[in-house]
Each structure stands twice: as C-alpha cells, then as structure tokens.
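Here is the structure we will look at.
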Amino acid sequence: MTRAMPIDIRRLTGEDLKAALDDLAGLRISVFRAWPYLYEGTRAYEAKYLQRYAETEGAVIVGAYDGVRLVGAATGEPLGDELEDFRAPLEARGLDVENIFYLAESVLDPAYRGQGIGHRFFDEREAHARALGFKEAVFCAVIRPDDHPLKPAEYAPLDPFWRKRGYEKLQDTVVRFPWLDVGDTAETEKPMQVWYRKL
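Per the UniProt record's numbering, the sequence shown runs over residues 1 to 199.
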C-alpha cells in the first residue's frame, strides 16, 4: 500500500489530548472489536470512559497520523489515578502505585501494522513517564481461554514483543475490568494479566 505521507507520531497532552478523544473512541470501537478483546463499544460508553484522560494530570495519548487521520493511538496515565479496584492487586504485592505509570490501551488500524508503530507507542509513553519522574511501568493484557469459540486459528500472542520491550508478567497478579463482549447483552468482568518493567 503506497502512502502519500509518512506516518506522523505525536505525543498529545492538554488541549491536544482532549481534541483527539473522539477519534480515539472510534479507533477503540473498531480495533477492540477483534480478538482478544471482543469489545462491543458504543460512543456513549467511550465518552464516559475516555473523559478520565482529559481530567488526569500526567495523562498522554501517543497518536499515529496518516495526514490528518488518526490511524493508531496509545494511552497512559499515572497508576495512582486509576480506580481503586484496579490498583488493589498491585498494592497487595507491595508495589508503590504512586511511582508506577500505567500504559493503558494501544490500538492501531490493521492496515498500518508491521511498520514499527507499536514500538514507537512504547518509546513515547515510556519517555513521557520518565519525564514525569516515574521509575516503573505496567500494562494489562486480557486473558481468554484457549478454547474460546471466537479465537482465530492464526492468532499469535504478543508476549514475545512485550518481553523484547523489557516487560515480564507479574505472576499471580491479575486485575479485572468489565466490558460488553460482542454478542452479549450485559457486561462481564474480564481477567487481565499485569506486565511490569522498571524504566
């Protein structure tokens, strides 16, 4: 696929972050509908969920732009500003959540994968976290059963990519977060494995 312009990676904060939230909502609904998230998103849910980034000091969106179109985005914020239920499993391990930066969602239009954008998403968020004084970072990956009927036969987990970035699973550390699965009528909690590294 030939593109007229190179992909522009931008670190967005403040008013620039707020201006990107609607486009981020559309990306989340589209990309997270696929395995393993199977997320049945709505604009109403997204508006409420993403508002936290507009209200959180230290939050960041790293946007990937093809011209003026947002084709990918990765988010992050201080873990201490996350919901208590979300922080609790890490606090139970004795980790200082006030010193940890949380790398939240990462979404990329499938047509733009394989170009190193995923690495840039980590580079930019980690640099942002370090600039704020954070020494550690975590993210979460949804856990789905291997025999799930919607699991694609060709699916390959991203564990090798994450380990190459210096992250490892925090054993026996799982957080739970609810969302509506494709085809369901009610939200259910999903277990999510915590991955960790020192910055």
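Ideal placement from N, C-alpha and C gives every residue a C-beta, glycine not left out.
Output the distance between the C-alpha atoms of residue i and residue j, rounded to the nearest integer angstrom.
i: His128; j: Thr13; result: 10 Å
i: Arg176; j: Glu57; result: 24 Å
i: Lys151; j: Gly67; result: 34 Å
i: Trp179; j: Ile29; result: 12 Å
i: Glu15; j: Pro149; result: 42 Å
i: Glu77; j: Glu55; result: 11 Å
i: Thr42; j: Leu24; result: 12 Å
i: Ala131; j: Ile100; result: 13 Å
i: Met192; j: Lys164; result: 20 Å
i: Ala64; j: Thr188; result: 31 Å
i: Asp147; j: Ala20; result: 37 Å
i: Asp159; j: Gln171; result: 14 Å
For residue i, which residues from the same chain have a beta carbon less than 6 Å from its beta carbon, with the 5 sequence-adjacent residues on both sides left out?
i: Arg120; result: Ile9
i: Pro36; result: Val142 and Arg144
Mind checking which residues open and close the beta strand (DSSP E) that includes residue i?
i: Glu189; result: Thr188 to Lys198
Once DSSP output is grouped into helix, strand and coil, what is the label at residue i?
i: Gln115; result: coil
i: Glu77; result: strand
i: Met1; result: Bear in mind that a pLDDT of 47 at Met1, under 50, signals an unreliable position, so the number given afterwards is only what the model happens to contain. Coil at Met1, not helix or strand.
i: Arg28; result: helix
i: Tyr37; result: coil
i: Arg120; result: helix
Enumerate in chain order the residues of its own chain whose CB-to-CB distance from residue i is below 7 Å, with the five nearest sequence positions on each side excluded.
i: Thr173; result: Pro89, Leu90, Arg93 and Val194
i: Glu46; result: Ala25, Arg28 and Ile29
Quick one: is residue i buried, meaning 16 or more other Cβ sit within 10 Å of its Cβ, or exposed?
i: Arg87; result: buried
i: Ala153; result: exposed
Identify the continuous alpha helix (DSSP H) that holds residue i and give its terminal residues.
i: residue 201; result: No answer is possible for residue 201: the residues shown for the chain start at 1 and end at 199.
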